[in-house]
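Trainee: Chains as they are written, first to last, in our numbering: chain W, 3 to 178; chain G, 16 to 669; chain L, 554 to 680.
(1) Compute the beta-carbon to beta-carbon distance between residue 104 of chain G and residue 142 of chain G, rounded to the nearest angstrom, for a pair I have assumed lies under 8 Å.
(2) Pair every Cβ in the segment 267 to 274 of chain G with every Cβ in the segment 364 to 382 of chain G, then say whether three or more of these pairs are closer than 8 Å.
(3) Tell me, please, whether the segment 405 to 424 of chain G touches the segment 472 to 480 of chain G by the rule of three or more beta-carbon pairs shorter than 8 Å.
(4) Pair every Cβ in the segment 20 to 27 of chain W with every Cβ in the segment 124 to 143 of chain W, then say whether three or more of these pairs are closer than 8 Å.
(5) When you check each C-beta in the segment 526 to 560 of chain G against every C-beta of chain L, which residues fall closer than 9 Å?
(6) Would you kindly work out how many angstroms separate the C-alpha atoms of residue 65 of chain W and residue 153 of chain W, rounded to a whole number?
(7) Going by Cα to Cα distance, which pick from G:339, G:267, G:401, G:111 is closest to residue 304 of chain G?
(8) Is the separation between the beta-carbon of residue 601 of chain G and that of residue 638 of chain G shorter than 8 Å?
(9) Which of helix, strand or coil does DSSP assign to residue 596 of chain G?
(10) Can residue 532 of chain G and residue 631 of chain G be called in contact, C-beta distance under 8 Å?
(11) Could you tell me if residue 358 of chain G is buried or exposed, where buried requires 16 or more neighbouring beta carbons within 10 angstroms of its beta carbon?
(12) How far does the beta strand (DSSP E) with residue 626 of chain G in it extend, from its first residue to its last?
(13) Does the contact criterion of 3 or more C-beta pairs under 8 Å hold for the segment 647 to 662 of chain G versus the segment 495 to 503 of chain G?
(14) For the segment 281 to 293 of chain G, which residues have a CB atom closer than 7 Å to at least one CB atom of chain A, in sequence order?
(15) Given a cut-off of 8 Å, decide if residue 161 of chain G and residue 61 of chain G are closer than it, judged by their beta-carbon atoms.
(16) Can a CB atom of chain G be found closer than 8 Å to the CB of residue 609 of chain L?
(17) Do you know how far the Cα of residue 585 of chain L is from the Cα of residue 570 of chain G?
(18) Should residue 647 of chain L go down as buried or exposed, given a rule of 16 or more other Cβ atoms within 10 Å for buried?
(19) Since residue 343 of chain G sits in a beta bridge, which residues does DSSP pair it with?
(20) Buried or exposed: where does residue 565 of chain G fall if 16 or more other Cβ atoms within 10 Å of its Cβ makes it buried?
(21) Quick check: is the beta carbon of residue 445 of chain G nearer than 8 Å to any beta carbon in chain L?
(22) Counting contacts by CB-CB distance shorter than 8 Å, is residue 652 of chain G in contact with chain L?
(23) So, residue 237 of chain G versus residue 264 of chain G, is the Cβ gap smaller than 8 Å?
(24) Would you report the Cα separation of residue 666 of chain G and residue 377 of chain G, rounded to the nearest angstrom?
(25) Would you call the CB atoms of residue 650 of chain G and residue 493 of chain G closer than 8 Å?
(26) Does DSSP put residue 486 of chain G in a helix, in a strand, or in coil?
(27) Is there contact here, the segment 77 to 86 of chain G with the segment 162 to 176 of chain G, by at least three beta-carbon pairs under 8 Å?
(28) Have a look at the DSSP bridge pairing and note the partners of residue 58 of chain W.
(29) If I measure Cβ to Cβ from residue 28 of chain G and keep anything under 6 Å in the same chain, skipping five residues before and after, which residues do I get?
(30) Just confirm the distance between the C-beta atoms of residue 199 of chain G and residue 146 of chain G, as a whole number of angstroms; I'd bet it's less than 8 Å.
(31) Can you tell me whether DSSP reads residue 407 of chain G as helix, strand or coil?
(32) Hey, is residue 634 of chain L's beta-carbon within less than 8 Å of any beta-carbon in chain G?
(33) At what residues does the alpha helix (DSSP H) containing residue 531 of chain G begin and finish?
(34) In whole angstroms, give me the CA-to-CA distance for residue 617 of chain G and residue 171 of chain W.
(35) Closer than 7 Å, Cβ to Cβ, to anything on chain L: give me those residues from the segment 391 to 407 of chain G, in chain order.
(36) Just mark residue 131 of chain G as buried or exposed, buried being the case when its beta carbon has 16 or more other beta carbons within 10 Å.
The structure is reproduced here in C-alpha cells:
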C-alpha cells in the first residue's frame, strides 16, 4: 500500500506514452465524400485550358485514359492537405493510364502559381478564366474532384479533400 | 509587409518576456530571493497585446496583405465578424489563447508578488512561463498568424459561413479558452507543490474561488457552444459527441471532480495527492483537447485543419504528463494524508463516488473519441463512435450523479446518520414521488424520463433545503438573504439547481422531440405536434454581405424566416439558416429544406416533382429545450455567486 | 437496522406507484418504435456524425425509407443493420459492433463500474 501512488503513476505514464506516440503517428483525415452529382454517368463537359507552367491541356485528347480532375484554390484550406496527396497519387499512377489534372477555381493566376510552387505539384493545373469550366461541372466549393472514365463519362464525384489511398481505390473501381 | 513585421515583433517580445521571466525565476529560485516575474509577465502581455492589436487592425480595415485576413475576412464583413475573425481559424485562435493566458499570468504574478520568494510561488510561476512560452513559440514557428500574402488580392474569402451566422461566435470561444486557461493555475501550483514537497500547503484552497470561477466560465462556454450549434447547424440538436466537443468536455469532467474533492481537502485535509493529480490531469486534457482540435487526425465539423501542429501539441501533452505523473511517482506516496474516509455514504464518501464517476466518464469519452483511430490502425477500416454509444454510458452516469446531488448536500461529514439524513430528505422524497405520479398520470411513461424527474426533484429539493438553511442562519445573524447567497456553499447549490434544470431540459427534449418534413404550398397550413404552422410566401434579402432566400412562416402568431443563405466571398458557401420560435415550454425549429419547380432560388435544392411555389419545410418541435440554456445560465450564476466573498468571515457548513 | 416508520411509509408508496405505472405501461416494441430506434443507430451517409433520424439530406431520407420497408417486411434489427453496413460501409453505424475491438468499448465502462463498487466496498471495510 505504501507505494500505491508510485505504482499507479508509472502505469499511467506507460499508458499515456503509448497513447501519445499512437496519436502523434496518425495522419490528418482527408477523405472526400462520394457525392451524387447530376453529371454522373454522362459525358464530361469540355475541359481545356492553359496550364500554369505553360502548355495546353484538352480533355478530348485524353480519351482512352482515366482522368482525375481536381478543382482547387490557393485560398482553400483543405486544398493544402490534399495537394501533396494528389501529387503522390499522380506520380504513382503516371504510367498506368491515369492523368491527373488540377483546375484553378476562382483565384488569381499569381496566387495559384505560388500555391503550386509551395506544395510542389507533380501534376499540371489549368486556369479557368470566367469560371466557365467550374460552372459546367457544377463546382460550388473546392476541393471537388471528378473521375472521368476511359470513355469520357463522369464516373465519380468527390466532395471535400481526398487522399492518395481513396483516389487509388476509386480509380481501381473505375478501371475494372 | 509592415503589418507582418509589426505582428511578428509583438510575438517576439511576448516570447522574450516569457523566456526572460522563466530564466529570472529560475535564478531567483536558486538564489532564494524574490523574482521580478511581474515585470516579465507584463512584457509578455504587452507583446501579445501588440500582436492582437495588429491582427484586429488588419481584420477591421480588411487589409489583405496578411494571408490570414485574406482567408478569413472580406471587405463587406461586418465589424463584429471581423473582430471574431481573429479566432475563426487556427493561427488566430492561438493569439486569443495566448492573450488570455498572458493576462492571467500578469494577474497571478501581481497577486503573489509579495510572496514570490516562496519556493512554491516561484516554481508555479516558472511553470506558467513555460506554458506561455510554448504557445507563443507555436505562433512564432509553424502557426504564424502574420504570414504575408504573396500575391495581393482585392477581395478576401470571408469567414466560414457558419462563423458569421450568429453573434455567439463572439462569446463561445473566448469563454471556453478563458476557462481552459484558468485551469493552468491549479496545474502550475500542483507541480510546484510536488517539486517542493509541500503538499500540505493551502494553495489549492486559497485559490478555490478562482478555480470555481474558471470552471463556471468553462461550463458557460460549453453550454454557449451547444446553444450556438443548436441555432445554426440545422438538425435541432445541440451536442453530437463530436471529437472537438468531447475534447472540451474532458477537462470539464476532471475539473468538476476537482472542484468537489477540493471541498473535502478544505474541510478534512484529505485527497491532497488526488487533487494534485486531478489538477495535472485537467491541464493535460486541455492540451490534448487543443491537439484534437488542431491536428486534423479526427474528422469534425468544428476542427481547424493543420498537419504540422499535431506532433508539437501531442509532444507537449506527453511532456506535461511525463513531468506531472513523474513527479507524482517520485513524491506522491510520501505526501499522502494519514486519515481516510470513514464511511462510504458520509459526505466524503459521496464525493469519492462523485470523483470516480466523473473521472471514469472522462476515460470512457476519451476511449470513444480515439476508438476510430485505434480501429483503423488495427483493422484498417473506418468506424464511427457516435451518440448511441456515448448516450448509453452517459445515461446511467447521469442517474447516479442526480442521486448524488440529492444525497450529498444533506449528508454529514465522517458518518452516516440514517435518521438525520432521512429527516432532511423526507420532504423532497415525497415531492419527487408526487411529481412522478403526476407525470405518469398525464401520460409520461418512459422509465428514463420518470427516473430523471424523480431524482432531479430530489436533487433540487436538497439544494433548496440547503439554501433555505443559509437564509435562515443569515437572518439569525441579522444579515440580508442577498449576502447569504454569496459564497461557495450557496453558490454551489444554485449551480446544482442549474444542472437539474439543464438535465431535465436534455431528457425531455431528447425523449419527446417530434421531427417532421412537411410540404406546403403558399398559404397552406399544417399542424405538427400541436403547433399550427402556415407557409405565407417567399422573401429575399440581398446585401453586400449575403443573399438569402427566406420563407415567411407563421407559427402560433409569430413570423419566422427560415432561409438558405449564401455568403458572398470567394468561397460562396450556401448554408441553411434555421429559424426558431422559443418559449419556456417548447421550441419550434424550422429549416428550409427544398423548393419545388424550376425556379432559380439560390442554394436551395430544387425538387422536380413538387409544384412550383411549394416548399419542403423541416419542422422539429422540442419540449423544454430552452431549459438547457436557462440551466446553463444558472450554473454560471452559481459559480459567480461562489466567487463573491461574504462580508462575514464564516461560511455556512456545506 | 431499525428502519424509520416514515421511511417505510414513503418506500411503500414508491413501490405502489411503480407497480401501478408498470402495470399500465404501453406494450412491447411496435414497428414505429423499432424504426425510430434503428434510425438513431445509423449515420446519415453524407453528413458529419448525425443520424438519419436527425437529417433531411437525400441520402438520409433514402436510408430511412429502406429501414421502414425492411421493418414492415419483418426483418430483424441485426439483419437490417448488417445490410446497411454492407451497402454504405462500416462507418455508417453510429455505434460499432461489439465483436472484436469493439468489446473494448463495452468492457471499459464495466471495468470502471467495478472500480466504483470496489472503492465503495473498501471504504465500508475501513469502519
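Glycine is no exception: its CB is placed at the ideal position from the N, C-alpha and C atoms. Note that the structure is predicted; figures quoted are calculated from it, not measured.
Mentor: Looking at the atomic coordinates:
(1) About 29 Å; that fails the 8 Å criterion.
(2) Flag = yes, the segment 267 to 274 of chain G and the segment 364 to 382 of chain G touch.
(3) Yes, since at least three Cβ pairs between the segment 405 to 424 of chain G and the segment 472 to 480 of chain G fall closer than 8 Å, the two stretches touch.
(4) At 8 Å Cβ cutoff, the stretches do not touch.
(5) Cβ contacts with chain L: 530, 532.
(6) Here the alpha carbon of residue 65 of chain W sits roughly 6 Å from the alpha carbon of residue 153 of chain W.
(7) For the residues G:339, G:267, G:401, G:111, the minimum Cα distance to residue 304 of chain G belongs to G:267.
(8) In this structure, residue 601 of chain G lies near residue 638 of chain G, with their beta-carbon atoms less than 8 Å apart.
(9) Residue 596 of chain G: strand per DSSP, three-state reduction.
(10) Cβ atoms of residue 532 of chain G and residue 631 of chain G: closer than 8 Å.
(11) Buried, because 16 or more other Cβ atoms sit within 10 Å of the Cβ of residue 358 of chain G.
(12) Here residue 626 of chain G belongs to no beta strand (DSSP E), and DSSP marks it neither H nor E.
(13) By the Cβ criterion, the segment 647 to 662 of chain G is in contact with the segment 495 to 503 of chain G, since at least three pairs of Cβ atoms, one from each stretch, lie closer than 8 Å.
(14) Absence of chain A from the displayed structure is noted, the protein chains being W, G and L.
(15) Not in contact: residue 61 of chain G and residue 161 of chain G (Cβ atoms no closer than 8 Å).
(16) Yes, contact with chain G.
(17) Put simply, the backbone Cα of residue 570 of chain G is about 27 Å away from that of residue 585 of chain L.
(18) In the assembly as shown, residue 647 of chain L is a buried residue. Its beta-carbon has 16 or more other beta-carbons within 10 Å.
(19) Answer by DSSP bridge pairing: none, since residue 343 of chain G is not bridged.
(20) Residue 565 of chain G comes out buried.
(21) At least one C-beta of chain L is nearer than 8 Å to the C-beta of residue 445 of chain G.
(22) Contact with chain L is absent for residue 652 of chain G, since none of that chain's Cβ atoms lies less than 8 Å from the residue's Cβ.
(23) Yes, these two residues count as a Cβ contact at 8 Å.
(24) Because the pLDDT at residue 666 of chain G is just 46, under 50, the model does not fix this residue reliably, and the point stays unresolved.
(25) No, Cβ-Cβ distance for residue 650 of chain G and residue 493 of chain G is not below 8 Å.
(26) Three-state result, residue 486 of chain G: helix.
(27) As far as the Cβ criterion goes, the segment 77 to 86 of chain G touches the segment 162 to 176 of chain G, which means the pair count is three or higher.
(28) The secondary-structure analysis by DSSP pairs residue 58 of chain W across a beta bridge with W:52.
(29) Cβ within range, chain order: 62.
(30) Right, the Cβ-Cβ distance comes to about 6 Å (below 8 Å), so this counts as a contact.
(31) Helix.
(32) With 8 Å as the cut-off, residue 634 of chain L does not count as an interface residue toward chain G.
(33) Where residue 531 of chain G is concerned, there is no enclosing alpha helix (DSSP H), although the beta strand (DSSP E) it sits in stretches over 529 to 535.
(34) Annotation note: pLDDT 43 at residue 617 of chain G (below 50); position unreliable, coordinate value reported separately. Between residue 617 of chain G and residue 171 of chain W, the C-alpha separation is close to 35 Å.
(35) Result list: 393, 394, 396, 397, 398, 399, 400, 401, 402, 403, 404.
(36) Buried, since its Cβ has 16 or more Cβ neighbours within 10 Å.
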